[in-house]
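Please read the structure below before turning to the comments.
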Amino acid sequence: MTIAPVAVFHSPFSSKFGIPKQSGVVEMLKGEIVFLPAYRNPDALRGLEAFDYLWLIWDFNANRHHAGSLMVRPPRLGGNKKVGVFASRSPFRPNGLGLSSVKIEMIEWASNRGPVIHVLGADLMNGTPIYDIKPYVTYTDAHVNARSGFVDTNQWQRLQVVMSDEVHAFLLSRGFDEERIAALKQVLEQDPRPPYQDNPDKIYGMPFMGADIHFRVKGDVLTVLAL
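Be aware that the sequence shown starts at 5, since it is given in my numbering, and climbs by one per residue.
Here it is as structure tokens:
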């Protein structure tokens, strides 16, 4: 079977570094679903305004090498313990397909790009091809009290983000507003570093909305450095 994209995702992230490891964990993170010309017809979205969430099926197109291993190291387990690829959400998969649940913020029915779906909480890089879109339905998609394997026993530790007035003012000068700055802080709280790196002297860089965000982590405190 050959599949082709129906849309492209627009995101603040121009690289994989810093993207939330799961959809929904950064609720304020904005993104756009822009359809390819063949699907820029409002009829294709008719009725979607009655739903709150979507499922996106998409392509891990930034992973250039073939996923040859059937064992992976989830970040939730510190990047050291292996589990089976089908027991994980690893991006390195036999067919490179991603699955994300995102919240519909609004639908822009008429624009020079056709209908555009504005969403919140996505974990996709800018330019990601989207193969299909389906509405989230609670009576089948929500399973109360379901077990979540190693996720239940290994809680993610959020970081405390420290941002100086100087950095805050610089971001405002670069076109950020308070909402986007809050979203950036939520992204940084998730600890963008690879799980095996814990060097308090290392300075990390992360592109976000056209700005190169630099930060350092010591203990559970992440400090955003002067840009």
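Cβ atoms here follow ideal geometry from the backbone N, Cα and C, with glycine treated the same way.
Assigned exposure category for residue i - 16 Cβ within 10 Å defines buried
| i | result |
| --- | --- |
| Q194 | buried |
| S168 | exposed |
| V148 | exposed |
| P98 | exposed |
| S115 | exposed |
Span separating the alpha-carbon of residue i from that of residue j
| i | j | result |
| --- | --- | --- |
| E182 | G223 | 27 Å |
| D216 | M129 | 15 Å |
| M210 | P198 | 12 Å |
| R178 | I134 | 29 Å |
| V89 | E170 | 43 Å |
| V225 | A126 | 25 Å |
| P196 | R151 | 26 Å |
| N65 | T142 | 30 Å |
| L52 | A187 | 26 Å |
| L49 | D202 | 45 Å |
Where residue i falls: helix, strand or coil (DSSP)
| i | result |
| --- | --- |
| D156 | helix |
| S177 | helix |
| Q164 | strand |
| A150 | coil |
| L128 | coil |
| I23 | coil |
| E36 | strand |
| H254 | No answer is possible for residue 254: the residues shown for the chain start at 5 and end at 231. |
| D47 | helix |
| L226 | strand |
| L74 | coil |
| A91 | helix |
Sub-7 Å separation of residue i and residue j beta-carbons
| i | j | result |
| --- | --- | --- |
| Y200 | G83 | yes |
| A36 | H14 | Correcting the residue identity first, residue 36 is Glu in this sequence and not Ala. The answer is yes: Cβ separation under 7 Å. |
| K189 | V221 | no |
| F39 | A11 | yes |
| M75 | K85 | no |
| G100 | W62 | no |
| P16 | M213 | yes |
7 Å Cβ shell around residue i - same chain, five flanking residues per side excluded
| i | result |
| --- | --- |
| I108 | F55, D56, Y57, L58, I121 and V123 |
| T227 | V166, F219 and R220 |
Cut-off 6 Å between Cβ atoms - residues of its own chain near residue i, not counting five sequence neighbours on either side
| i | result |
| --- | --- |
| W250 | Absent from the structure is residue 250, since the part of the chain shown begins at 5 and ends at 231. |
| P204 | K222 |
| S19 | P211 |
| P44 | Sequence inspection shows Arg at residue 44; the Pro mentioned does not correspond to that position. Counting only Cβ-Cβ distances below 6 Å, and skipping sequence neighbours, we find G118. |
| K138 | W59 |
Cβ-based neighbour list, residue i, same chain, cut-off 8 Å, excluding 5 preceding and 5 following
| i | result |
| --- | --- |
| H172 | I185 |
| I207 | H218, F219, R220 and L229 |
| F106 | The amino acid at residue 106 is misidentified as Phe; the sequence shows Val. So the list reads S27, G28, G35, Y57, L58, L60, V123, L124, G125 and A126, once near-sequence residues are dropped. |
| V155 | R80 |
Residue-chain proximity (residue i, chain C), Cβ-Cβ < 7 Å
| i | result |
| --- | --- |
| Y208 | Looking at the structure shown, chain C is missing, and only one protein chain is on hand. |
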